[in-house]
Amino acid sequence: MDIRLVNLTRIFADKNSEVRAVDNLDITIPSGKLIGLLGPSGCGKSTTLYMIAGLLEPSSGQIFFGDEDVTTLSPEKRGIGLVFQNYALYPHMTVKQNIMFPLQNMKLPKAEILQRTVKYAKLVGIEELLNRKPKQLSGGQQQRVAIARALVKEPRVLLLDEPLSNLDARLRLQTREEIKRIQRETGITTVFVTHDQEEAMSISDEIVVMKLGVEQQRGNPQEVYDQPVNQFVAKFLGTPPINIFSGKIQNGDLYVGEEKIGTSTLEDQEVTIGIRPEGFEIDPDAQMTVVVKQVEYIGRDKSIVATNPASEKENFRIIIDANVEVKEGETVKVAVKPNKCFVFDKLTEKRVQ
Amino acid sequence: MVEGKKSINFLKGMLCLLPAIVLLGIFTFYPIVNTFLMSFKEGYNYLITNEKNFESWGFGNYVKLFSEGNNFPKYLINTMVIVFVSVPVSITLSLLIAVALNSIKPLQRFLQTIFFLPYVTNTIAIGMVFSVMFESHQGLMNTLITSLGGSSINWLGGNTQAVLIGEGIFTHPFFNAQWFTSMIVLLAYIVWNSLPFKVLILLSSLQSIDKQYYQAAQIDGTTKARTFMRITVPLLSPQIFYLLITSFIGAFKEYTSVVAIFGDNAQSVGQKNNMATVVWYIYQKTKEQSLSGYPQTSLAAAGAVILFIIIMIFTAINSYVSKKKVHY
Ligand SMILES: Nc1ncnc2c1ncn2[C@@H]1O[C@H](COP(=O)(O)OP(=O)(O)OP(=O)(O)O)[C@@H](O)[C@H]1O
Ligand SMILES: [Mg+2]
Numbered sequence: 059m060d061i062r063l064v065n066l067t068r069i070f071a072d073k074n075s076e077v078r079a080v081d082n083l084d085i086t087i088p089s090g091k092l093i094g095l096l097g098p099s100g101c102g103k104s105t106t107l108y109m110i111a112g113l114l115e116p117s118s119g120q121i122f123f124g125d126e127d128v129t130t131l132s133p134e135k136r137g138i139g140l141v142f143q144n145y146a147l148y149p150h151m152t153v154k155q156n157i158m159f160p161l162q163n164m165k166l167p168k169a170e171i172l173q174r175t176v177k178y179a180k181l182v183g184i185e186e187l188l189n190r191k192p193k194q195l196s197g198g199q200q201q202r203v204a205i206a207r208a209l210v211k212e213p214r215v216l217l218l219d220e221p222l223s224n225l226d227a228r229l230r231l232q233t234r235e236e237i238k239r240i241q242r243e244t245g246i247t248t249v250f251v252t253h254d255q256e257e258a259m260s261i262s263d264e265i266v267v268m269k270l271g272v273e274q275q276r277g278n279p280q281e282v283y284d285q286p287v288n289q290f291v292a293k294f295l296g297t298p299p300i301n302i303f304s305g306k307i308q309n310g311d312l313y314v315g316e317e318k319i320g321t322s323t324l325e326d327q328e329v330t331i332g333i334r335p336e337g338f339e340i341d342p343d344a345q346m347t348v349v350v351k352q353v354e355y356i357g358r359d360k361s362i363v364a365t366n367p368a369s370e371k372e373n374f375r376i377i378i379d380a381n382v383e384v385k386e387g388e389t390v391k392v393a394v395k396p397n398k399c400f401v402f403d404k405l406t407e408k409r410v411q
Numbered sequence: 149m150v151e152g153k154k155s156i157n158f159l160k161g162m163l164c165l166l167p168a169i170v171l172l173g174i175f176t177f178y179p180i181v182n183t184f185l186m187s188f189k190e191g192y193n194y195l196i197t198n199e200k201n202f203e204s205w206g207f208g209n210y211v212k213l214f215s216e217g218n219n220f221p222k223y224l225i226n227t228m229v230i231v232f233v234s235v236p237v238s239i240t241l242s243l244l245i246a247v248a249l250n251s252i253k254p255l256q257r258f259l260q261t262i263f264f265l266p267y268v269t270n271t272i273a274i275g276m277v278f279s280v281m282f283e284s285h286q287g288l289m290n291t292l293i294t295s296l297g298g299s300s301i302n303w304l305g306g307n308t309q310a311v312l313i314g315e316g317i318f319t320h321p322f323f324n325a326q327w328f329t330s331m332i333v334l335l336a337y338i339v340w341n342s343l344p345f346k347v348l349i350l351l352s353s354l355q356s357i358d359k360q361y362y363q364a365a366q367i368d369g370t371t372k373a374r375t376f377m378r379i380t381v382p383l384l385s386p387q388i389f390y391l392l393i394t395s396f397i398g399a400f401k402e403y404t405s406v407v408a409i410f411g412d413n414a415q416s417v418g419q420k421n422n423m424a425t426v427v428w429y430i431y432q433k434t435k436e437q438s439l440s441g442y443p444q445t446s447l448a449a450a451g452a453v454i455l456f457i458i459i460m461i462f463t464a465i466n467s468y469v470s471k472k473k474v475h476y
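Taken in order, these protein sequences are the chains called A and B. Each residue of the first sequence is one higher than the one before, starting from 59 at the first, in the working numbering. Each residue of the second sequence is one higher than the one before, starting from 149 at the first, in the working numbering.
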């Protein structure tokens, strides 16, 4: 079953101000897919999720589950499972009671309740922990209990609100793979909210990038990374983030500052240029000069902190192969890979090339 | 070196505690010990100071408390009735009021204040209001009942015309119909008087419960009643338990409210001490002299020891139960 959000808008208004937390969101989430809702803090991700869940009422717009309009349906009738940002496991119940709780509400027979509880506990790998209280679990285990509690109802839709934000880096990596596996095994349409772009890209079938309640771009993660539609999306995806330079187009040539880095078919104008850290190559014949301030070895690659007068920030980063020779303090010439270099309109910040 | 430092810290700590220990010693520990001793002194007369001022050690005072003609057992029953009715009723009511207050947004602050007013009002004053409310001729309760077509009830006695609701059921000479209606008034007063503090405690802990538990319950299709029983009550259980212990102890020591409604003699009109409690008895015995002119302080002491032991037992049971039922 797919989910369709049609012109979904939510306005929070009080006496003297109004916030458009979600603004005309128009998304279709294909059946059985995992969608990553991505954006900086406060861009309306949780609000969107809560509207899908039915905990918040939209100010305008509609929500469809398949062909059914659920916009005004109360949460318990929507058949959703929601994993909260901090899990919201009932602290006074054991893991087993927590997982059983939704089933008891559905008034299922006892035997089926037990059988399903065990099934989903196994699926998320917590069958040994059934008699513990949430307080006696690690963050990752709690998170899996929360997922089991959401799944045990066999919901039509699974919603996850930044479920990994409380975990340490390693556990986060491990758990996100697990979420992906569980989602594949169950085939439930899933919406996954996060502000961590790496997380979203690694686990989602499709990502939606939001800014201030407005959808910026939607698509397959690699596609969005390779073809960002504007400066915001380009900046938001990728670690280390993309480097921004001021530049210009003159007579079919593309310049960073006054240094030519490529060509363009556009007419002459001032532009903003974004170049991904991995988009540079050391090339004595190139024109762009950078001063190497610092070299860091990060295993496979070398990360260089460099300066150039046209850079938006004082420093920017270049990532190159570890066996390329560079020394700190050196001035080198670099060439720019065309597919890692984006040209944005100076005013609208839309990508023009 | 470290040892020395430790003992200096210990000394410092003791020094800080010293004033408290001295005061507790004078006003708490010494009286407790003395009460225990006194309760076992038969024929004790504190007015005799030079010679031996009691006849012998023994359980005589306890025997006297429970012997024929002594009303202490009846007062003990009165106290038990107060404990076992007022505590559960007031806790249940305050829980419901707190949940109701918590669920309404407009006027919440205002209502919160209203509910807290009785707490800062004088107990005796409220008691007088209650006795007027339940007055047999023009009292508010009877006016209400008669205006609804009922016949007025002789709550606190005095007017023989009025109907008693317990008539025919309560036929014991002490626990009679008059006792029953008076007890209703007393219990209503005690419950009323203890609500504000409980509502305040429960409301503030309700407000600190994470809203997400309720959202999660809502998504899982939990009914209102089930949410209350399975989520709200367990999450409030530490506070409920705290209120249970303190109000149990408070109810065992009930005295002020009796005097506030029924006066010094703890009686409704035409009855003798029929609303008296254990503490009332203890207080009475510290002032009263026996027929032969002896002070009765050792009877008071024995009563106090019995109350002390009962409270200890109940508190122990409470903590035992709480280990299983309270979720911290
Ligand atoms: N109840 C509310 N009343 C008023 N404004 C609200 C309310 N809830 C959210 N907002 C506002 O709506 C906007 C979107 O909030 P939302 O919680 O959806 O952000 P988010 O994308 O989930 O952020 P985060 O990553 O920090 O969780 C924010 O500007 C926030 O201040
Ligand atoms: Mg959020």
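The beta-carbon is built from N, C-alpha and C at its ideal position, and this holds for glycine as well. Source: prediction; values computed, not measured.
**Request:** Please list, in chain order, all residues with a C-beta atom less than 7 Å from at least one heavy atom of ligand 2.
**Result:** Counting every residue whose Cβ lies closer than 7 Å to a heavy atom of ligand 2, we get 103(A), 104(A), 143(A), 219(A), 220(A) and 251(A).
**Request:** Measure the CB-CB distance between residue 389(B) and residue 470(B) and report whether it falls below 9 Å.
**Result:** yes
**Request:** Give the range of the beta strand (DSSP E) segment to which residue 339(A) is assigned.
**Result:** 338-340
**Item:** Range of the contiguous beta strand (DSSP E) that encloses residue 121(A)
**Value:** 118-123
**Asked** Does ligand 1 have a heavy atom nearer than 8 Å to the CB of residue 456(B)?
**Response** no
**Request:** Please name the residues in the segment 108-129 of chain A whose beta-carbon is closer than 9 Å to at least one beta-carbon of chain B, in chain order.
**Result:** From the segment 108-129 of chain A, only 108, 111, 112 and 113 have a Cβ closer than 9 Å to chain B.
**Prompt:** Got a sec: is the Cβ-Cβ distance from residue 139(A) to anything in chain B below 9 Å?
**Reply:** Chain B contact via Cβ: present.
**Request:** Mind the definition here: the segment 140-149 of chain A touches the segment 170-189 of chain A only if three or more C-beta pairs lie below 8 Å; say whether that holds.
**Result:** With a cut-off of 8 Å, the segment 170-189 of chain A and the segment 140-149 of chain A do not count as touching, because too few Cβ pairs lie within range.
**Message:** Strictly below 9 Å CB to CB, what residues from chain A border residue 390(B)?
**Reply:** Neighbours of residue 390(B) on chain A: none; closest Cβ ~16 Å, over 9 Å.
**Prompt:** From residue 399(A) to residue 158(A), what does the alpha carbon distance come to, in whole angstroms?
**Reply:** 52 Å
**Asked** Using a C-beta cutoff of 9 Å, does residue 339(A) count as contacting chain B?
**Response** No, no contact with chain B.
**Request:** Examine ligand 1 and report whether any of its heavy atoms sits within less than 8 Å of the Cβ of residue 101(A).
**Result:** yes
**Prompt:** Alpha carbon to alpha carbon, what distance is there between residue 391(A) and residue 315(A)?
**Reply:** 14 Å
**Request:** Please name the residue, chosen from 422(B), 300(B), 408(B) and 189(B), that lies closest to residue 286(B) on a Cα-to-Cα basis.
**Result:** 300(B)
**Request:** Identify the continuous beta strand (DSSP E) that holds residue 388(A) and give its terminal residues.
**Result:** Careful: residue 388(A) lies outside any beta strand (DSSP E) and carries neither H nor E.
**Asked** What runs of the alpha helix (DSSP H), each 4 residues or longer, lie entirely inside the segment 100-153 of chain A?
**Response** 103-111
**Prompt:** For residue 394(B), which of 382(B), 235(B) and 372(B) has the nearest alpha-carbon?
**Reply:** Nearest option by C-alpha distance: 235(B).
**Prompt:** By how many angstroms is the C-alpha of residue 310(A) removed from the C-alpha of residue 324(A)?
**Reply:** 7 Å
**Item:** residue 222(B) and residue 323(B) closer than 9 Å at C-beta
**Value:** yes
**Item:** Other residues of its chain near residue 466(B): CB distance less than 8 Å, five sequence neighbours each side excluded
**Value:** 389, 392, 393 and 396
**Message:** Need the endpoints of the alpha helix (DSSP H) that residue 275(B) sits in, please.
**Reply:** 271-281
**Message:** Under 9 Å, CB to CB, which of the residues in the segment 371-397 of chain B have a partner in chain A?
**Reply:** 371, 374, 378, 379, 382, 383 and 385
**Prompt:** If you follow the alpha helix (DSSP H) that residue 241(A) is part of, which residue opens it and which one closes it?
**Reply:** 227-244
**Message:** Quick test of the definition: if touching needs 3 or more C-beta pairs under 8 Å, does the segment 274-289 of chain A touch the segment 254-264 of chain A?
**Reply:** yes
**Item:** Proximal residues to residue 403(A) (C-beta, below 6 Å), its chain only, five neighbours per side dropped
**Value:** 410
**Message:** Can you pull out the residues from the segment 188-206 of chain B whose beta carbon lies closer than 7 Å to at least one beta carbon of chain A?
**Reply:** Within the segment 188-206 of chain B, contact with chain A at the beta-carbon level (separation under 7 Å) is assigned to no residue.
**Message:** Which residue marks the beginning of the beta strand (DSSP E) containing residue 302(A), and which one marks its end?
**Reply:** First-last of the beta strand (DSSP E) with residue 302(A): 301-308.
**Request:** Pull up the distance between the alpha-carbon of residue 375(A) and that of residue 362(A), whole angstroms please.
**Result:** 6 Å
**Message:** At the 9 Å Cβ level, is residue 177(A) part of the contact set with chain B, yes or no?
**Reply:** Not an interface residue.
**Request:** Check whether the Cβ atoms of residue 102(A) and residue 265(A) lie closer than 9 Å to each other.
**Result:** In this structure, residue 265(A) does not lie closer than 9 Å to residue 102(A) by Cβ.
**Message:** Spatial neighbours of residue 178(A) within its chain, please: C-beta separation below 7 Å, excluding the five flanking residues on both sides.
**Reply:** 157, 206, 209 and 210
**Request:** Kindly list the residues whose CB is nearer than 7 Å to the CB of residue 344(A), restricted to its own chain and excluding five residues on each side of it in sequence; keep chain order.
**Result:** 391, 392 and 393
**Message:** So, at 8 Å on beta carbons, what are the nonlocal neighbours of residue 362(B) in its own chain, with the 5 sequence-adjacent residues on each side left out?
**Reply:** 375 and 379
**Prompt:** In this structure, what does DSSP give as the bridge partners for residue 346(A)?
**Reply:** 392(A)
**Alpha-carbon to alpha-carbon, residue 367(B) and residue 237(B)** = 32 Å
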